[in-house]
Amino acid sequence: VFETNTLAPLRLCQALVPLMNAQGCIVNVSSGMGSLHDMGGSWPGYRISKAGLNALTRILAAELSTTGIRVNAVCPGWVRTSMGGPKAARSVEEGADTIVWAACLPPDGQTGGFFRDRKAVPW
Numbered sequence: 146v147f148e149t150n151t152l153a154p155l156r157l158c159q160a161l162v163p164l165m166n167a168q169g170c171i172v173n174v175s176s177g178m179g180s181l182h183d184m185g186g187s188w189p190g191y192r193i194s195k196a197g198l199n200a201l202t203r204i205l206a207a208e209l210s211t212t213g214i215r216v217n218a219v220c221p222g223w224v225r226t227s228m229g230g231p232k233a234a235r236s237v238e239e240g241a242d243t244i245v246w247a248a249c250l251p252p253d254g255q256t257g258g259f260f261r262d263r264k265a266v267p268w
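Residue 146 is where the sequence shown starts when you use the numbering used here, and the numbers rise one by one after that.
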């Protein structure tokens, strides 16, 4: 889980940031389960991997703050996918909304944030 949710995004950013020509947005798909603000029980491996992704988001946002590249994390919520299952509260379209919004932020838009429903949430 850590390899997929934390290390793979790091490696992808290391490979692609040099090709971004100091513009654009990096959107890390995280989870509220990775928020240090609300660390409940259950799913510790998943929670740790998403907390790591959140840390990576903040680190990259700081490192790239003078480049014109914005880096944010989003929580799509519990989405009806193969992972979320049929009882999940949100459709795929609802889950994707904040991801698309964050990917389309203007050049002077937010960087280093964690969002759900287009609103900032605690790290």
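Heads up, the beta-carbon is just placed ideally off N, CA and C, and yes, glycines get one too. Predicted, not measured: the structure shown is a model, and the values here were computed from it.
is_contact[residue i, chain B] using C-beta, thresh 8 angstroms
{"i": "glutamate 239", "result": "Although the question refers to chain B, the structure presented lacks it and comprises just one protein chain."}
Pairwise C-alpha distance: residue j and residue i
{"i": "tryptophan 268", "j": "proline 189", "result": "17 angstroms"}
{"i": "alanine 233", "j": "glycine 179", "result": "18 angstroms"}
{"i": "isoleucine 204", "j": "valine 237", "result": "29 angstroms"}
{"i": "glycine 229", "j": "leucine 161", "result": "29 angstroms"}
{"i": "alanine 218", "j": "proline 231", "result": "25 angstroms"}
{"i": "isoleucine 330", "j": "leucine 181", "result": "The structure shown does not extend to residue 330, since the chain spans only 146 to 268, so no value can be given for it."}
{"i": "leucine 191", "j": "aspartate 253", "result": "Residue identity check: residue 191 is tyrosine in the sequence provided, not leucine. Spanning the two alpha carbons is a distance of roughly 32 angstroms."}
Cβ separation of residue i and residue j, assumed to be a contact under 8 angstroms, to the nearest whole Å
{"i": "glycine 257", "j": "alanine 265", "result": "Not a contact, Cβ separation roughly 10 angstroms."}
{"i": "cysteine 220", "j": "serine 176", "result": "5 angstroms"}
{"i": "leucine 209", "j": "threonine 151", "result": "Not a contact, Cβ separation roughly 18 angstroms."}
{"i": "glycine 240", "j": "valine 216", "result": "Wrong, their Cβ atoms sit about 20 angstroms apart, outside the cutoff."}
{"i": "tryptophan 246", "j": "arginine 263", "result": "5 angstroms"}
Limits of the beta strand (DSSP E) - the one that residue i falls within
{"i": "cysteine 249", "result": "Run containing cysteine 249: none; DSSP gives neither H nor E here."}
{"i": "arginine 261", "result": "259-261"}
Boundaries of the alpha helix (DSSP H) in which residue i is found, first to last residue
{"i": "arginine 203", "result": "189-208"}
Other residues of its chain near residue i: CB distance less than 7 angstroms, five sequence neighbours each side excluded
{"i": "valine 174", "result": "Val219, Pro221, Ile244"}
Cutoff 8 angstroms; reference residue i; Cβ partners in own chain excluding five residues on either side
{"i": "phenylalanine 147", "result": "Gly190, Ile193, Ser194, Gly197"}
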